[in-house]
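Quick note on this note's numbering: the sequence shown kicks off at 21 and runs consecutively.
Some notes on the structure that comes next.
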Amino acid sequence: MSHLPAIDCVLIGVNCSKTLGRCIDSLLASDYPSEKIRIYYVDGGSTDRSIEVARGYGSVALIALHPEYPTPGMGRNHGWKQGSSELVHFLDSDTILNPDWLKIAVKAMDDEQIGAVMGFRKEMHPEHSVYNWIGNIEWNGPIGESSCFGGDVLLKRKVLEKTGGYDELLVGGEDPELSRRIIRDGWKIVRLDALMTQHDLAMKTVRQYLARAFRSGYGFAAVRKREAEAGSDFWKYEFQKIAIKGGGFFICLIFSLLILLIYPSSAAITIALLTVTPGTALLLNPRIFKVNKFMRENKLNKKEARIYAWHCSLVVIPQLFGLIRFYAGLVTNNPLRNKRNALTTGLSISEI
21 MSHLPAIDCV LIGVNCSKTL GRCIDSLLAS DYPSEKIRIY YVDGGSTDRS
71 IEVARGYGSV ALIALHPEYP TPGMGRNHGW KQGSSELVHF LDSDTILNPD
121 WLKIAVKAMD DEQIGAVMGF RKEMHPEHSV YNWIGNIEWN GPIGESSCFG
171 GDVLLKRKVL EKTGGYDELL VGGEDPELSR RIIRDGWKIV RLDALMTQHD
221 LAMKTVRQYL ARAFRSGYGF AAVRKREAEA GSDFWKYEFQ KIAIKGGGFF
271 ICLIFSLLIL LIYPSSAAIT IALLTVTPGT ALLLNPRIFK VNKFMRENKL
321 NKKEARIYAW HCSLVVIPQL FGLIRFYAGL VTNNPLRNKR NALTTGLSIS
371 EI
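Right under this line is the structure:
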């Protein structure tokens with residue numbers, strides 16, 4: 021086992037005392053040689069017992085930050101820069117590492133062209149809420165070369181050093197943004213056919229779902245702007261889908277409401293309904309009609325596929341407000357910022 025390289029495992033979190041211990045335990049239980057694993061926990065300013073939990077493990081190096089506006093990139097950069105191993109594995113503190121993952125991932129890193137590898141992420145409790153269930157469907161992509169990675173990933177240190185690491189200003193989309201710079205530098209990102217982590221989204225309410233969708237919309241806009249400036253089409257389709265479908269729906273909705281306000285009558289109701297109909301069709305089509313496709317590609321039954329189709333159709337509404345918030349922030353020089361006391365790992369700073 022002495023030939024295996026050392027790995028710096030960087031965990032980030034804010035107010036994550038309920039999940040941090042089991043994340044650390046999963047690293048300690050890995051079948052990778054324990055003397056080769058160096059654990060760094062970077063705390064983004066917790067007000068709960070997270071720091072106390074980390075200090076309970078003698079093998080964990082604690083990096084306690086107290087930024088006014090914490091970001092995931094800030095935490096990850098502090099973690100990897102503290103270490104020196106040739107490989108760096110990033111984990112969110114609400115995940116559990118699969119025991120055999122590190123050996124599988126390290127073997128793939130023998131390829132000089134590969135700069136980052138990831139595996140599959142699965143939700144621990146998809147049955148607890150429809151939101152967890154949706155997350156379980158959407159975490160993963162196809163096996164093989166990938167266009168980006170998420171919050172759980174193994175990277176070569178020289179890749180981080182060459183790119184400078186994460187963008188510390190982004191409150192969402194920091195992982196895909198770094199991914200794109202890595203690819204432009206000539207490295208490959210590969211998804212392996214192996215379970216990497218289990219994740220605890222712990223999402224139970226509509227409010228949490230809307231907040232996460234809003235944040236993802238903001239991330240789409242922020243990353244898309246950077247990619248457009250670099251001459252890349254990355255996330256161009258996703259951005260346009262949100263802007264056209266969400267924007268078209270709201271334009272039609274606003275016009276229909278104005279008609280009702282200006283000309284309140286039974287005729288106005290009919291005209292208003294006719295006005296909002298094209299926007300609704302734009303919003304729902306074509307995903308609401310792709311039930312069979314979702315059944316086949318995601319191995320869902322008909323009822324599940326219908327639920328997922330509704331999600332895919334309607335999620336662009338809160339995402340649209342995230343897009344608007346990004347561009348409003350550009351105009352007013354007031355970007356979206358994380359408020360430290362309001363953060364809980366798994367909800368506010370989870371990757372897209």
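We put the CB at the ideal spot given by N, CA and C, even for glycine.
Here the structure is a predicted model, which means the values were calculated and not measured.
Inter-residue Cα distance where the pair is residue i and residue j
| i | j | result |
| --- | --- | --- |
| H219 | M138 | 14 Å |
| Y347 | R235 | 13 Å |
| L230 | L180 | 33 Å |
| K56 | Q102 | 16 Å |
| L111 | L174 | 9 Å |
| K322 | R316 | 10 Å |
| T352 | K182 | 33 Å |
| I344 | F269 | 15 Å |
| D373 | I44 | Since the first residue of the chain shown is 21 and the last is 372, residue 373 is not available in this structure. |
| M129 | L303 | 43 Å |
| D195 | F240 | 12 Å |
| Y238 | L122 | 32 Å |
| L320 | A125 | 29 Å |
| P92 | K127 | 27 Å |
| L356 | G99 | 24 Å |
| I327 | P146 | 14 Å |
| K313 | E324 | 12 Å |
| I264 | A233 | 16 Å |
| F169 | E72 | 31 Å |
| Y186 | F259 | 22 Å |
| L367 | D51 | With a pLDDT of 42 at L367, under the threshold of 50, the predicted position of this residue should be treated as unreliable, and no value is reported. |
| Y89 | V80 | 25 Å |
| D28 | G266 | 42 Å |
| C36 | L281 | 48 Å |
Exposed unless 16 or more other CB atoms sit within 10 angstroms - verdict on residue i
| i | result |
| --- | --- |
| V30 | buried |
| H331 | buried |
| V226 | exposed |
| S285 | exposed |
| L3 | Only positions 21 to 372 of the chain appear in this structure, which leaves residue 3 out of reach. |
| I274 | exposed |
| P338 | buried |
| I369 | Model confidence at I369 stands at a pLDDT of 34, short of 50, so the residue's coordinates are unreliable; what they give is reported in the following sentence. That one is buried. |
| I59 | buried |
| N354 | exposed |
| Y283 | exposed |
| T290 | exposed |
| T39 | buried |
Among the options, the one whose alpha carbon lies nearest that of residue i
| i | options | result |
| --- | --- | --- |
| G215 | E317, W100, I116 and N35 | Per the sequence shown, residue 215 should be read as Leu rather than Gly. Nearest of E317, W100, I116 and N35 to L215, Cα basis: I116. |
| I157 | R201, C36, L280 and F140 | F140 |
| Y77 | Y61, P87, T67 and H98 | Y61 |
| E197 | K359, E249 and A49 | E249 |
| D213 | P92, N160, L280 and N97 | N160 |
| A222 | K245, F254, L122 and K142 | K142 |
| I209 | G184, D187, I163 and F240 | I163 |
| P298 | R211, C272, I59 and V34 | C272 |
| L24 | Y283, S54, R42 and K38 | S54 |
| G41 | R201, N97 and S70 | S70 |
| D205 | K313, G184, T217 and E188 | G184 |
| D120 | L47, H145, E88 and N97 | L47 |
| S252 | I289, M144, R200 and G267 | R200 |
| N318 | G155, H98 and A242 | G155 |
| I262 | E165, Y52, G342 and W153 | G342 |
| M94 | L189, R177 and S167 | L189 |
| S167 | I202, L334 and M144 | I202 |
| K178 | M144, S37, G349 and G135 | G135 |
| E4 | A242, W207, K224 and G193 | Any property of residue 4 remains undetermined from this structure, which presents the chain solely from 21 to 372. |
| S333 | V311, P87 and R211 | V311 |
Proximity test, residue i beta-carbon vs the ligand MG heavy atom, cut-off 6 Å
| i | result |
| --- | --- |
| A301 | With respect to small molecules bound, the structure shown includes none, and the ligand MG cannot be examined in it. |
Whole-number beta carbon distance between residue j and residue i, since they are thought to touch under 8 Å
| i | j | result |
| --- | --- | --- |
| I308 | A329 | 5 Å |
| S105 | A26 | 4 Å |
| L82 | A74 | 5 Å |
| K256 | R246 | About 12 Å separates the two Cβ atoms, so there is no contact after all. |
| T300 | I279 | Incorrect: roughly 15 Å between the Cβ atoms, too far for contact. |
| V34 | G65 | 6 Å |
| S113 | I32 | 6 Å |
| N305 | T217 | In fact, because the Cβ distance is near 35 Å, the residues do not count as touching under 8 Å. |
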